[in-house]
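Each remark here refers to the structure printed beneath this line.
Numbering (UniProt numbering), first residue to last: 1 to 213.
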């Protein structure tokens, strides 16, 4: 029997970090899949949306199947009894990251993430902050030990992106790989390239490198 009553569900959280486009694009790409999206957006994310895009909050909500106010801590995604694939927070601010790590559940976004962790489901946090100080790194380590996946939106230049959209699409596609969802936006390494000339010829040395080891 399937683990889901109907369509597989994925919780999407959008927090107030810069990079709200990652969350928006995630929702857009998931619309062409069988996945049912459950969206929660923080107040700070709504401000970031206005700063960084021309989209209205209503337009973003329309991309999701189900939407919840961030103060509705009694929502369906606040309970482990709602079966989901897990949750992606895109982008994830260090404030939200810290709340999730500490178990503080004053918002629905943090509560939903906490539920995913306690139910041993997959939680992916696209932490968007730089540079990082020691406490940021320690918090990431704590979350990783709890089972979360820390996936900063780092661009992959081997794909030779020509536009910002291509950069975003590749990054979002790699995050969806964590849930075995292929939306066709990831340039797979060497999928369409000839074999490396060094593949069967053993280690290649630059002048002086061998003696440096």
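Note that beta-carbon positions come from the ideal geometry of N, C-alpha and C, so glycine has one too.
### Query
DSSP three-state call for residue 132: helix, strand or coil?
For residue 132, the three-state secondary structure derived from DSSP is coil.
### Query
With respect to the alpha helix (DSSP H) encompassing residue 28, which residues constitute its N-terminal and C-terminal limits?
Unbroken alpha helix (DSSP H) run through residue 28: 20-30.
### Query
Which value, in whole angstroms, describes the spacing of the CA atoms of residue 20 and residue 174?
When only Cα atoms are considered, residue 20 and residue 174 end up about 17 Å apart.
### Query
Should residue 81 and residue 139 be called a contact, given that it needs their Cβ atoms to be closer than 7 Å?
At least 7 Å separates the beta-carbon of residue 81 from that of residue 139.
#### Entry: residue 140 (DSSP reduced to helix, strand or coil)
In this structure, residue 140 counts as helix in the three-state DSSP scheme.
#### Entry: Sub-7 Å separation of residue 123 and residue 85 beta-carbons
Cβ atoms of residue 123 and residue 85: not closer than 7 Å.
### Message
Considering just the uninterrupted stretch of the alpha helix (DSSP H) at residue 115, what are its terminal residues?
### Response
From DSSP, the alpha helix (DSSP H) with residue 115 extends over 108-118.
### Query
What residue does the alpha helix (DSSP H) around residue 158 start on, and which one ends it?
That residue, residue 158, is in no alpha helix (DSSP H); it is neither H nor E in DSSP.
### Query
What is the DSSP secondary structure of residue 7, counted as helix, strand or coil?
The three-state reading of DSSP puts residue 7 in coil, since its state is none of H, G, I, E or B.
### Task
Would you grab the beta carbon distance between residue 68 and residue 75 for me? Rounded to a whole angstrom, and I think it's under 8 Å.
Sure, about 4 Å apart at Cβ, within 8 Å.
### Task
Using the Cα positions of residue 202 and residue 34, report the straight-line distance between them to the nearest angstrom.
Note on residue 202: pLDDT 49, under 50, position unreliable in the model; the coordinate value appears next. When only Cα atoms are considered, residue 202 and residue 34 end up about 45 Å apart.
### Message
For residue 115, which residues in the same chain have their Cβ closer than 6 Å to its Cβ, ignoring the five residues on either side in sequence?
### Response
Cβ within range, chain order: 80.
#### Entry: Per DSSP, cross-strand counterpart(s) of residue 122
Within the DSSP bridge table, the entry for residue 122 names 86 as partners.
#### Entry: Coil, strand or helix - residue 39 by DSSP
The three-state secondary structure of residue 39, taken from DSSP, is strand.
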